[in-house]
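K.L.:
Just dropping this structure here.
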Amino acid sequence: MRRKKSNIGATLLVVFFLAIIGGAVYLANSPMFERNAPKIEVADSIFWNLKEPIKVKLSDDSGIRSYKAVLNDGISDFVVLEEEVATPQKEMEISVTLPRAGWNRRSASASMRIEVTDASNWNLLKGNSSVKSVNITIDSVRPTAFVLANSYSIKQGGSALVVFGAKDKNLKSVYIKTSFGKIFKAEPFYKPGYYAALIAWPVPEKRFRAWVEATDLAGNLTKAHIPLFVEKQRYRRSNITLKDRFLNGKVADLAMEFDETANISDPVERFRIINEEIRKRNEELIHKIGSKVSDKLIRRWSVKPFLPLKNAKKVASFGDHRFYYYKGKKVSESYHLGLDLASVKMADIIASNPGRVVYSGYNGIYGNMPMIDHGLGLYTLYGHCSSLNVQEGDDVSRGERIAKTGKTGLALGDHLHFGIVVQGVEVRPVEWMDAHWIKNNIVSIFHTARKMIDRRSE
Ligand SMILES: [Zn+2]
Numbered sequence: 010m011r012r013k014k015s016n017i018g019a020t021l022l023v024v025f026f027l028a029i030i031g032g033a034v035y036l037a038n039s040p041m042f043e044r045n046a047p048k049i050e051v052a053d054s055i056f057w058n059l060k061e062p063i064k065v066k067l068s069d070d071s072g073i074r075s076y077k078a079v080l081n082d083g084i085s086d087f088v089v090l091e092e093e094v095a096t097p098q099k100e101m102e103i104s105v106t107l108p109r110a111g112w113n114r115r116s117a118s119a120s121m122r123i124e125v126t127d128a129s130n131w132n133l134l135k136g137n138s139s140v141k142s143v144n145i146t147i148d149s150v151r152p153t154a155f156v157l158a159n160s161y162s163i164k165q166g167g168s169a170l171v172v173f174g175a176k177d178k179n180l181k182s183v184y185i186k187t188s189f190g191k192i193f194k195a196e197p198f199y200k201p202g203y204y205a206a207l208i209a210w211p212v213p214e215k216r217f218r219a220w221v222e223a224t225d226l227a228g229n230l231t232k233a234h235i236p237l238f239v240e241k242q243r244y245r246r247s248n249i250t251l252k253d254r255f256l257n258g259k260v261a262d263l264a265m266e267f268d269e270t271a272n273i274s275d276p277v278e279r280f281r282i283i284n285e286e287i288r289k290r291n292e293e294l295i296h297k298i299g300s301k302v303s304d305k306l307i308r309r310w311s312v313k314p315f316l317p318l319k320n321a322k323k324v325a326s327f328g329d330h331r332f333y334y335y336k337g338k339k340v341s342e343s344y345h346l347g348l349d350l351a352s353v354k355m356a357d358i359i360a361s362n363p364g365r366v367v368y369s370g371y372n373g374i375y376g377n378m379p380m381i382d383h384g385l386g387l388y389t390l391y392g393h394c395s396s397l398n399v400q401e402g403d404d405v406s407r408g409e410r411i412a413k414t415g416k417t418g419l420a421l422g423d424h425l426h427f428g429i430v431v432q433g434v435e436v437r438p439v440e441w442m443d444a445h446w447i448k449n450n451i452v453s454i455f456h457t458a459r460k461m462i463d464r465r466s467e
């Protein structure tokens, strides 16, 4: 009996110690005792315009207990933030702003020190600390930006050229922004500090306004209005009645090619999916490929009028807003964003301007489609081809036969769907097919801009 009792006592003792060790190990590994220093997220050196607050992200597993931000203008320290956090936060963002008084406005450089302590009980309950120092280059001067020359007007659905200058010792980005949110990239043009961009007014947008934006590394921003005369253009609205022969013929054949329509048996629904969802996917590819703009300096850029098909007649125009009806009910709608041309069957399609083939393959409703990059963000595409003579990566020269017309994709008869894209936006092909338009809106604008740049740099 005695032996048994002492055994129980010893066992209890062991269990007791194990529990203490276990508890200690548990606590040491719990967030309450974590040993990781808080993270301070801000670059090692930054540019600052003294206006916008400097944002610093702090994070820690046990939470941020306190933080402090000290700015130095090269002469003295300013404690601009110091706080004990009532409820420790795992993630927080602090905003460092200029001290109310005493800052030396003539300093070109400054520094910032961030000190953070977490809510861990490690370090005899004091927690873990981090310190980060940041070098600051002060730049409160806004970039200069000015428009040198631009096309006199822009039509709804059309294109325009803008040449502008932008300078700053810490320039970060220059581009053209529009009232509908689209940003057009600019290419360095002729001499350092000057830029050129083709811009476009998408057909469905009711209004158009564009301006140059130049931003420097410190966040200073300058806007320069582009004085374009805007011309609204009415595009045709056409009502098209869907015929059973079309729905059960071409559309049914096409439906088998796409995952989205392979299992749909309703002919009208099949058409709707092809005309809306597949079209969207195919256009997105065109927009993506047609959005690339080089960042190399261009000295000269021009194109000859595009005439992709000889002796052709127009069979459908650009910008048509098409409404499709079946048995008197509207079932779908879409914009026709190219010019349809037809001559004989399997006619030769000609590249009217040199360029690089950026796509040559099947693109859903566009069928077999080559797409050519002519530089400055201008692209041409050729839909419904029966055969393709070029491959992606080929350089084509003026007059080269690139493909033959056909009726692949969503096309009834043999024709060419000729599309022109400016930085991902489909534009009126008629402008780029017109020698006068090109002379007045492109050639002469570049000419004027070059003369002005030469004069400014004399
Ligand atoms: Zn078409």
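By this note's numbering, the letter at position 404 of the sequence shown is numbered 413, and the numbering carries on one by one without gaps. A virtual CB, placed ideally from N, CA and C, is assigned to each residue, including glycine.
If you reduce the DSSP assignment to three classes, tell me which class Y184 lands in.
P.N.:
Position 175 of the sequence shown holds residue 184. In this structure, Y184 counts as strand in the three-state DSSP scheme.
K.L.:
Would you mind reading off the limits of the alpha helix (DSSP H) that contains L263?
P.N.:
The count along the sequence shown starts at 1 and reaches residue 263 at position 254. Note, L263: alpha helix (DSSP H), A261 to A264.
K.L.:
Specify the secondary structure class of T224 as computed by DSSP and reduced to three states.
P.N.:
Position 215 of the sequence shown, counting from 1, holds the residue named residue 224. Three-state DSSP puts T224 in a strand.
K.L.:
Determine the direct distance from the alpha carbon of N58 to that of Y471, and round the result to whole angstroms.
P.N.:
In the structure as shown, the chain begins at 10 and stops at 467. Residue 471 is therefore absent and cannot be evaluated.
K.L.:
Whole angstroms are fine: how far does the CA of W220 sit from the CA of A233?
P.N.:
For the purposes of this step, residue 233 is identified with residue 224 of the sequence shown, where counting begins at 1. For the purposes of this step, residue 220 is identified with residue 211 of the sequence shown, where counting begins at 1. Taking the straight line from one Cα to the other gives about 5 angstroms.
K.L.:
Going by beta carbon distance, what residues of the same chain come within less than 6 angstroms of S149, once the five residues before and after it are set aside?
P.N.:
Taking the sequence shown and counting its residues from 1, the one referred to as residue 149 is at position 140. Correct list, in chain order: N58 and L59.
K.L.:
Report yes if the CB atom of G347 is closer than 8 angstroms to the CB atom of G392, and no otherwise.
P.N.:
Along the sequence shown, one-based indexing puts residue 347 at 338. Along the sequence shown, one-based indexing puts residue 392 at 383. Yes, the Cβ-Cβ distance between G347 and G392 is below 8 angstroms.
K.L.:
Could you say if the stretch 87-97 and the stretch 147-166 meet the contact criterion of at least three C-beta pairs nearer than 8 angstroms?
P.N.:
no
K.L.:
Per DSSP, what are the beta-bridge partners of W57 in this structure?
P.N.:
In the sequence shown, the residue the question calls residue 57 occupies position 48. W57 pairs with I147.
K.L.:
Check the DSSP bridge columns for S71 and list the partner residues they point to.
P.N.:
Counted from its first residue, the sequence shown places residue 71 at position 62. Paired residue(s): none; S71 is not in a bridge.
K.L.:
Taking only heavy atoms of ligand 1 into account, decide whether any of them is closer than 7 angstroms to the Cβ of H345.
P.N.:
For the purposes of this step, residue 345 is taken as residue 336 along the sequence shown, with counting starting at 1. Within the cutoff, so yes.
K.L.:
Does the beta-carbon of A325, which I'm using as the reference point, lie nearer than 7 angstroms to any heavy atom of ligand 1?
P.N.:
Sequence index remark: in the sequence shown, residue 325 carries index 316 (1-based). Indeed, a heavy atom of ligand 1 lies less than 7 angstroms from the Cβ.
K.L.:
Are the beta-carbon atoms of M121 and V88 separated by less than 8 angstroms?
P.N.:
Residue numbering aside, residue 121 sits at position 112 when the sequence shown is read from its first letter. Residue numbering aside, residue 88 sits at position 79 when the sequence shown is read from its first letter. Going by C-beta atoms, M121 is not nearer than 8 angstroms to V88.
K.L.:
Run through DSSP, which three-state label would M442 get?
P.N.:
To locate residue 442, count along the sequence shown from 1; it is residue 433. Here M442 sits in coil by DSSP.
K.L.:
Just to confirm before moving on: does the CB-CB distance between R246 and H330 stay below 8 angstroms?
P.N.:
Sequence index remark: in the sequence shown, residue 246 carries index 237 (1-based). Sequence index remark: in the sequence shown, residue 330 carries index 321 (1-based). Yes, Cβ-Cβ distance for R246 and H330 is below 8 angstroms.
K.L.:
Who are the near neighbours of A195 in its chain, counting only those whose CB is closer than 7 angstroms to its CB and skipping five residues on each side?
P.N.:
Within the sequence shown, numbered from 1, the residue matching residue 195 stands at position 186. Closer than 7 angstroms at the Cβ level, and outside the excluded window around A195, lie V183, Y184, I185, Y204, A205 and A206.
K.L.:
Taking contact to mean 3 or more Cβ pairs, one atom from each stretch, closer than 8 angstroms, check whether the stretch 371-382 and the stretch 288-305 are in contact.
P.N.:
yes
K.L.:
How many whole angstroms separate the CB atoms of D357 and K323, which I take to be in contact at a CB cut-off of 8 angstroms?
P.N.:
Indexing the sequence shown from 1 puts residue 357 at position 348. Indexing the sequence shown from 1 puts residue 323 at position 314. Not confirmed; about 18 angstroms, so no contact.
K.L.:
Kindly indicate which three-state DSSP category F25 falls into: helix, strand or coil?
P.N.:
On the sequence shown, position 16 is the one that residue 25 refers to. Helix.
K.L.:
Does the Cβ of G373 lie closer than 7 angstroms to at least one heavy atom of ligand 1?
P.N.:
The residue you call residue 373 lines up with position 364 of the sequence shown. Not so, every heavy atom of ligand 1 lies at least 7 angstroms from the Cβ.
K.L.:
Three or more beta-carbon pairs under 8 angstroms between the stretch 446-453 and the stretch 305-316, yes or no?
P.N.:
yes
K.L.:
Nearer than 7 angstroms: is that true of the beta carbon of G392 relative to any heavy atom of ligand 1?
P.N.:
As a first step, residue 392 must be located in the sequence shown, where it is residue number 383. Answer for G392: yes, Cβ within range of ligand 1.
K.L.:
Tell me whether H426, by its Cβ, gets closer than 7 angstroms to a heavy atom of ligand 1.
P.N.:
For the purposes of this step, residue 426 is taken as the residue at position 417 of the sequence shown. Checking the Cβ of H426 against ligand 1 gives yes.
K.L.:
Report the three-state DSSP secondary structure of V34 (helix, strand or coil).
P.N.:
As a working mapping, residue 34 is identified with position 25 in the sequence shown. Three-state DSSP puts V34 in a helix.
K.L.:
Mind checking V430: buried by the 16 CB within 10 Å criterion, or exposed?
P.N.:
Your numbering for residue 430 matches position 421 in the sequence shown. It is buried - the Cβ of V430 has at least 16 other Cβ atoms within 10 Å.
K.L.:
Are the CB atoms of L350 and P379 within a distance shorter than 8 angstroms?
P.N.:
Here residue 379 refers to the residue found at position 370 when the sequence shown is read from its first residue. Here residue 350 refers to the residue found at position 341 when the sequence shown is read from its first residue. No; because the gap between Cβ atoms is not below 8 angstroms, this pair is not in contact.
K.L.:
What is the DSSP secondary structure of A233, reduced to helix, strand or coil?
P.N.:
Residue 233 sits at position 224 when you count from the first residue of the sequence shown. Correct three-state label for A233: strand.
K.L.:
For a test of your reading of the model: does the CB of D349 fall under 7 angstroms from any non-hydrogen atom of ligand 1? Yes or no.
P.N.:
For this step, residue 349 is matched to residue 340 along the sequence shown. Within the cutoff, so yes.
K.L.:
Looking at N179: is its Cβ nearer than 8 angstroms to the Cβ of F56?
P.N.:
Numbered from 1 along the sequence shown, position 170 holds the residue referred to as residue 179. Numbered from 1 along the sequence shown, position 47 holds the residue referred to as residue 56. In this structure, the beta-carbon distance from N179 to F56 falls below 8 angstroms.
K.L.:
Measure the C-alpha to C-alpha separation of S162 and E440 and round it to an integer number of angstroms.
P.N.:
Residue mapping note: residue 162 aligns to position 153 of the sequence shown, counting from 1. Residue mapping note: residue 440 aligns to position 431 of the sequence shown, counting from 1. Their Cα atoms are separated by approximately 12 angstroms.
K.L.:
Please confirm whether D382 and R407 have their CB atoms less than 8 angstroms apart.
P.N.:
Counted from its first residue, the sequence shown places residue 382 at position 373. Counted from its first residue, the sequence shown places residue 407 at position 398. It is not a contact, given that the beta carbons lie outside the stated cut-off.
K.L.:
Checking contacts by CB at 8 angstroms: is F87 closer than that to chain D?
P.N.:
Of the protein chains in this structure there is only one, and it is not chain D.
K.L.:
Please go through the same chain and pick out, in chain order, the residues whose beta-carbon is closer than 7 angstroms to the beta-carbon of A78, but skip the five residues on each side of it.
P.N.:
One-based indexing of the sequence shown puts residue 78 at position 69. Cβ within range, chain order: V89, L90, I103, V105, M121 and I123.
K.L.:
So does the stretch 67-78 actually touch the stretch 38-54, counting three or more Cβ pairs closer than 8 angstroms?
P.N.:
yes
K.L.:
Quick check: the Cα distance between S168 and L80, rounded to an integer number of angstroms?
P.N.:
Taking the first residue of the sequence shown as 1, we reach residue 168 at position 159. Taking the first residue of the sequence shown as 1, we reach residue 80 at position 71. Cα-Cα distance, rounded: 49 angstroms.
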